[in-house]
Amino acid sequence: MARPRVRHGYKRIEWTCVSDTFRVNILFIYTGTNLPKFLALCINAGGRYKKLAELDVSAIHSDAEAFLHMKKAYHQYRGLRSRLTLLLRPVSIEFVQFTLWNLRNGYISVCDRPLCVPPETRTEYDYLPRPLRPLPPMPPDVFIHYLEHGEGDLSLNRCVWLPRLPKRTGKGVVQLGEAADGWGIHIIEGPNREVVFWVVMGTMLASALTGVLWAALMRDVQGGMGIGALMMAMPPAVMAAFLFRLGGP
Numbered sequence: 001m002a003r004p005r006v007r008h009g010y011k012r013i014e015w016t017c018v019s020d021t022f023r024v025n026i027l028f029i030y031t032g033t034n035l036p037k038f039l040a041l042c043i044n045a046g047g048r049y050k051k052l053a054e055l056d057v058s059a060i061h062s063d064a065e066a067f068l069h070m071k072k073a074y075h076q077y078r079g080l081r082s083r084l085t086l087l088l089r090p091v092s093i094e095f096v097q098f099t100l101w102n103l104r105n106g107y108i109s110v111c112d113r114p115l116c117v118p119p120e121t122r123t124e125y126d127y128l129p130r131p132l133r134p135l136p137p138m139p140p141d142v143f144i145h146y147l148e149h150g151e152g153d154l155s156l157n158r159c160v161w162l163p164r165l166p167k168r169t170g171k172g173v174v175q176l177g178e179a180a181d182g183w184g185i186h187i188i189e190g191p192n193r194e195v196v197f198w199v200v201m202g203t204m205l206a207s208a209l210t211g212v213l214w215a216a217l218m219r220d221v222q223g224g225m226g227i228g229a230l231m232m233a234m235p236p237a238v239m240a241a242f243l244f245r246l247g248g249p
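In full-length UniProt numbering, the protein residues as written are 1 to 249.
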C-alpha cells in the first residue's frame, strides 16, 4: 500500500510493533517547526489590475484578529480607490486560482473561479477539513460582513472560519517569483447602493426646488425647467463616469 505524502512542516516517524502472532507497522505524523502560513487576498487596484496581498496568519488564533489584518491590507492595497469608499465598497468574494505575472508591483491574474480551492494533492496548502466541504469555505455575505464589522461582532477567542480558509505554508507566492500560481480570495467591489440612492434622491429634490424658485423669481418657466433638468442629469452622469473609470476593463 502506498504511503500518504507528508505535508510541508510535518515529518514522519515510523516504528514496528511486534507481538507473538503478528507484526504491525505504525506511521505517526506530527507537526514540526511552526512554518509561516500565508493567506492570499486578491485586491482590485484599478482598471484590469489586481494586486496580491499575502498575510502571515501563523501567529493568529482568532477570526477577529484575522479579519482585522485583512481589513488593514485591503485598505492599504486599494491605492487611490481607498479614497472613494463612498462610491465603491466590497460586495462579494470569490475563491480563485491566480498567477503572479508582475513581481515588482504584485500584479496577478485570476485563472479559475468562483469556487476554486487547492486540491488535496497540493500539500503545501493548509485548511480544515480535508476534503474541504461544503464549498465555499466561507459564505461571501458572512466574509463581507466580518470584513466591515468584524471587530464588533467577533469574539477574540472564536476561531471558526480561519481554519477553513486555504493558506500556503512555508513560502508565499511572492517568494516563488513570477509565473507562480496560488489560491486565494478575490474581494469584489461594486457601487455603494445606499450612497447612490441618496445622491439620486437629493439631486431630484434640489433640481425640483431650483426649477420652482427660478420660475417664480425670474418668471421664466422654461428656464426653470431647463436648469432643473441640467441639475438632474449632471450628478448621475459624473458619478457613472467615476464608477466606469474605477471599474474593470
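For each residue, glycine too, the CB sits at the ideal point set by N, CA and C.
Assigned exposure category for residue 78 - 16 Cβ within 10 Å defines buried
Stepping through the sequence shown from its first residue, residue 78 is reached at position 78. Residue 78 should be labelled buried.
From the DSSP output, read off the bridge partner residues of residue 180.
Translated into positions along the sequence shown, residue 180 becomes position 180. BP columns for residue 180 are empty, so no partner.
Who are the near neighbours of residue 58 in its chain, counting only those whose CB is closer than 8 Å to its CB and skipping five residues on each side?
As a first step, residue 58 must be located in the sequence shown, where it is residue number 58. So the list reads 34, 35, 36, 37, once near-sequence residues are dropped.
Can you find at least 3 beta carbon pairs, one from the stretch 169-179 and one from the stretch 60-76, that sit closer than 8 Å?
no
Measuring only the C-alpha atoms, how far is residue 235 from residue 127?
Taking the sequence shown and counting its residues from 1, the one referred to as residue 235 is at position 235. Taking the sequence shown and counting its residues from 1, the one referred to as residue 127 is at position 127. Distance between the alpha carbons of residue 235 and residue 127: 47 Å.
Can you give me the C-alpha to C-alpha distance between residue 76 and residue 121, rounded to a whole angstrom?
Start at 1 with the first residue of the sequence shown, and residue 76 comes out as number 76. Start at 1 with the first residue of the sequence shown, and residue 121 comes out as number 121. Each residue's alpha carbon lies about 33 Å from the other.
Would you mind working out which of 97, 198, 189 sits nearest residue 125, comparing C-alpha positions?
Start at 1 with the first residue of the sequence shown, and residue 125 comes out as number 125. Here the closest residue by C-alpha is 97.
Ordered along the chain, which non-local residues of its own chain (more than five positions away) have a Cβ less than 8 Å from that of residue 199?
As a position in the sequence shown, residue 199 is number 199, starting the count at 1. Only 235, 236, 239 meet the Cβ criterion.
In three-state DSSP terms, what is residue 171?
For the purposes of this step, residue 171 is identified with residue 171 of the sequence shown, where counting begins at 1. Residue 171: coil per DSSP, three-state reduction.
Quick one: using the 10 Å Cβ neighbour count with 16 as the cut-off for buried, is residue 262 buried or exposed?
Nothing in the structure corresponds to residue 262, since the chain is present only between 1 and 249.
For the stretch 96-135, which segments carrying the beta strand (DSSP E) assignment without a break, of at least 3 residues, lie completely within its bounds, in sequence order?
107-112
When the Cβ atoms of the stretch 153-163 are set against those of the stretch 90-109, are three or more pairs found closer than 8 Å?
no
DSSP state of residue 59 mapped onto helix, strand, coil
As a working note, residue 59 is residue 59 in the sequence shown. Coil at residue 59, not helix or strand.
What residue does the beta strand (DSSP E) around residue 46 start on, and which one ends it?
Within the sequence shown, the letter at position 46 stands for residue 46. 37-46 is the extent of the beta strand (DSSP E) around residue 46.
May I ask you to verify whether the stretch 222-236 touches the stretch 196-214, counting CB pairs closer than 8 Å and requiring at least 3?
yes
What number of angstroms, rounded off, separates the C-alpha of residue 161 from the C-alpha of residue 203?
Counting from one through the sequence shown, the residue named residue 161 turns up at place 161. Counting from one through the sequence shown, the residue named residue 203 turns up at place 203. Spanning the two alpha carbons is a distance of roughly 42 Å.
Suppose contacts are defined by Cβ-Cβ distances below 8 Å. Is residue 196 in contact with residue 144 by that definition?
Your numbering for residue 196 matches position 196 in the sequence shown. Your numbering for residue 144 matches position 144 in the sequence shown. Not closer than 8 Å, so no.
Just checking my contact of residue 253 with residue 88 at CB under 8 Å: how many whole Å lie between their CB atoms?
Residue 253 falls outside the range modelled here, since the chain spans only 1 to 249, and no answer is possible.
Taking 8 Å as the CB-CB cut-off, is residue 72 touching chain C?
Among the protein chains of the structure shown there is no chain C, as only one such chain exists.
Measuring CA to CA, which of 173, 139, 220, 201 is closest to residue 232?
Position 232 of the sequence shown, counted from the first residue, corresponds to residue 232. Of the listed residues, the one whose Cα sits closest to residue 232 is 201.
With DSSP as the reference, label residue 239 as helix, strand or coil.
Sequence index remark: in the sequence shown, residue 239 carries index 239 (1-based). It is helical.
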